[in-house]
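**Student:**
This is how it looks when you write it as structure tokens:
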């Protein structure tokens, strides 16, 4: 029988016991924001929650890990113009995450890992990590699911382009087809290439796909009418399953290193 992995399903006594075993806390964080016409608002949150569960199930026989209740809201300023998007202000989200971390440290947990499914949360999390470490001594890590660190090998094999890993795109849609197919409406899926901030539209440095060291304030309405950036029509459940398998194993490798710290 597998050990209980969900923090919120444990009793106070059980949490106290597992904290003394130096368990890692995994916190899935996503967003509630538009994902085109074919995916649900909670796409990022669903993916981060399910990936976190898969990671915990795989590695829990090596050392104790707990999945903290998901943080469904994130920093979604770039999508705020679209119906259904719920974006927290930087100060509100930062204070929420800081308070959660401090309470976990107070309860004896010294290693906390955010499993982040939304790119808009990345800078905020990265800033907060060292502040919490300096204040509490806890070792905090943020893992972004769509990092090239985890995906490059697999994506090269499938010959996917940069925009296939962007927003409501080939990869996100494939993940959802694997994890929650009942929430995917492929009959509404449509390809949309950005009509601004690409080399094709005359931008060498201000590119959606990134130029090292350059950040700029693009919003979804600058680049997409439907809210899609990429081509979800290429998505398949098979692609989603294969990339998920590789992603989960690579993140488990990261957790093994965190455990050694």
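Numbering (our numbering), first residue to last: 36 to 296.
Heads up, the beta-carbon is just placed ideally off N, CA and C, and yes, glycines get one too.
Around the Cβ of residue 56, are there at least 16 other Cβ atoms within 10 angstroms (buried) or fewer (exposed)?
**Tutor:** Locating residue 56 in the chain shown gives position 21, where the first residue counts as 1. Exposed, since its Cβ has fewer than 16 Cβ neighbours within 10 Å.
**Student:** Ignoring anything shorter than 3 residues, give me the beta strand (DSSP E) runs that lie fully in the stretch 121–159, in order along the chain.
**Tutor:** You should have 146–151.
**Student:** Compute the Euclidean distance between the alpha carbons of residue 288 and residue 125, then round it to the nearest angstrom.
**Tutor:** Here residue 288 refers to the residue found at position 253 when the chain shown is read from its first residue. Here residue 125 refers to the residue found at position 90 when the chain shown is read from its first residue. Taking the straight line joining both Cα atoms gives about 31 Å.
**Student:** Is it right to say residue 249 is buried, meaning 16 or more other beta carbons lie within 10 angstroms of its own, or is it exposed?
**Tutor:** Taking the chain shown and counting its residues from 1, the one referred to as residue 249 is at position 214. Classification of residue 249: exposed, given that the 10 Å Cβ count is below 16.
**Student:** Starting from residue 59 and walking both ways along the beta strand (DSSP E), at which residues does that stretch end?
**Tutor:** Along the chain shown, one-based indexing puts residue 59 at 24. Unbroken beta strand (DSSP E) run through residue 59: 59–64.
**Student:** Specify, as a first and last residue, the run of the alpha helix (DSSP H) that residue 286 falls within.
**Tutor:** The count along the chain shown starts at 1 and reaches residue 286 at position 251. 272–295 is the span of the alpha helix (DSSP H), which, as asked, contains residue 286.
**Student:** Check whether the stretch 209–227 touches the stretch 263–277, counting contact only when three or more Cβ pairs, one atom from each stretch, lie closer than 8 Å.
**Tutor:** Yes: at least three Cβ pairs fall under 8 Å.
**Student:** Have a look at 42, 241, 86, 253 and flag the residue whose alpha-carbon is nearest the alpha-carbon of residue 103.
**Tutor:** Position 68 of the chain shown, counting from 1, holds the residue named residue 103. Ranking 42, 241, 86, 253 by Cα distance to residue 103 puts 42 first.
**Student:** Give the DSSP-derived three-state secondary structure of residue 195 in the structure shown.
**Tutor:** On the chain shown, position 160 is the one that residue 195 refers to. DSSP places residue 195 in coil when its eight states are reduced to three.
**Student:** Within the same chain, show all residues whose beta-carbon is closer than 7 Å to that of residue 242, passing over the 5 residues directly before and after it, in chain order.
**Tutor:** Numbered from 1 along the chain shown, position 207 holds the residue referred to as residue 242. So the qualifying residues of the chain are 232, 233, 234.
**Student:** Residue range of the beta strand (DSSP E) that residue 175 falls in?
**Tutor:** Counting from 1 along the chain shown, the entry for residue 175 is found at position 140. 174–179 is the span of the beta strand (DSSP E), which, as asked, contains residue 175.
**Student:** Judging by CA-CA distance, which residue of 53, 284, 223 is the nearest neighbour of residue 186?
**Tutor:** Position 151 of the chain shown, counting from 1, holds the residue named residue 186. The shortest C-alpha separation from residue 186 is found at 284.
**Student:** Pull up the distance between the alpha-carbon of residue 174 and that of residue 76, whole angstroms please.
**Tutor:** Taking the chain shown and counting its residues from 1, the one referred to as residue 174 is at position 139. Taking the chain shown and counting its residues from 1, the one referred to as residue 76 is at position 41. So the alpha carbons of these two residues sit roughly 31 Å apart.
**Student:** Are the CB atoms of residue 105 and residue 78 nearer to each other than 9 Å?
**Tutor:** Numbered from its first residue, the chain shown carries residue 105 at position 70. Numbered from its first residue, the chain shown carries residue 78 at position 43. For residue 105 and residue 78, no; Cβs fall outside 9 Å.
**Student:** Can you have a look at residue 282 and say buried or exposed, based on whether 16 or more other CB atoms are within 10 angstroms of its CB?
**Tutor:** Within the chain shown, residue 282 is the residue found at index 247, counting from 1. So residue 282 ends up on the buried side.
**Student:** Would you call the stretch 135–146 and the stretch 111–127 in contact, with 3 or more CB pairs under 8 Å?
**Tutor:** As far as the Cβ criterion goes, the stretch 135–146 does not touch the stretch 111–127, which means the pair count is below three.
**Student:** Taking a contact to mean a Cβ-Cβ separation below 9 Å, would you say residue 152 touches residue 202 in this structure?
**Tutor:** The residue labelled residue 152 in the question sits at position 117 within the chain shown. The residue labelled residue 202 in the question sits at position 167 within the chain shown. Contact flag unset, no.
**Student:** Beta-carbon within less than 8 Å of residue 36's beta-carbon, same chain only, minus the 5 sequence neighbours each way: which residues are those?
**Tutor:** Position 1 of the chain shown, counted from the start, is the residue given in the question as residue 36. A caution first: residue 36 carries a pLDDT of 49, below 50, which makes its placement in the model too unreliable to give a value.
**Student:** Residue range of the alpha helix (DSSP H) that residue 214 falls in?
**Tutor:** Taking the chain shown and counting its residues from 1, one reaches residue 214 at position 179. That run of the alpha helix (DSSP H) goes 205–214.
**Student:** Does DSSP put residue 185 in a helix, in a strand, or in coil?
**Tutor:** The residue you call residue 185 lines up with position 150 of the chain shown. Of the three classes helix, strand and coil, the one that applies to residue 185 here is helix, per DSSP.
**Student:** Mapping DSSP to helix, strand and coil, what is residue 111?
**Tutor:** Working through the chain shown from its first residue, we reach residue 111 at position 76. In this structure, residue 111 counts as coil in the three-state DSSP scheme.
**Student:** Locate the alpha helix (DSSP H) running through residue 89, then write down its first and last residues.
**Tutor:** Position 54 of the chain shown, counting from 1, holds the residue named residue 89. From DSSP, the alpha helix (DSSP H) with residue 89 extends over 78–94.
**Student:** Roughly how many angstroms lie between the CA atoms of residue 52 and residue 290, to the nearest whole one?
**Tutor:** Position 17 of the chain shown, counted from the first residue, corresponds to residue 52. Position 255 of the chain shown, counted from the first residue, corresponds to residue 290. Computed Cα separation, rounded: 21 Å.
**Student:** So residue 95 and residue 38 are supposed to be a Cβ contact under 8 Å. How far apart are they, rounded?
**Tutor:** One-based indexing of the chain shown puts residue 95 at position 60. One-based indexing of the chain shown puts residue 38 at position 3. With 8 Å as the limit, residue 95 and residue 38 qualify as a contact, their Cβ atoms being about 6 Å apart.
**Student:** Below 6 Å CB to CB, which residues in the same chain sit around residue 84 once its five sequence neighbours on both sides are set aside?
**Tutor:** Here the question's residue 84 lines up with position 49 in the chain shown. Same-chain partners within the cutoff: 63, 105.
**Student:** Can you check DSSP and say which residues form a bridge with residue 100?
**Tutor:** For the purposes of this step, residue 100 is taken as the residue at position 65 of the chain shown. Answer by DSSP bridge pairing, in chain order: 59.
**Student:** Roughly how many angstroms lie between the CA atoms of residue 91 and residue 40, to the nearest whole one?
**Tutor:** Walking along the chain shown from the start, residue 91 turns up at place 56. Walking along the chain shown from the start, residue 40 turns up at place 5. Each residue's alpha carbon lies about 7 Å from the other.
**Student:** Going by DSSP in three states, residue 246 sits in which element: helix, strand or coil?
**Tutor:** Here the question's residue 246 lines up with position 211 in the chain shown. Strand, per DSSP.
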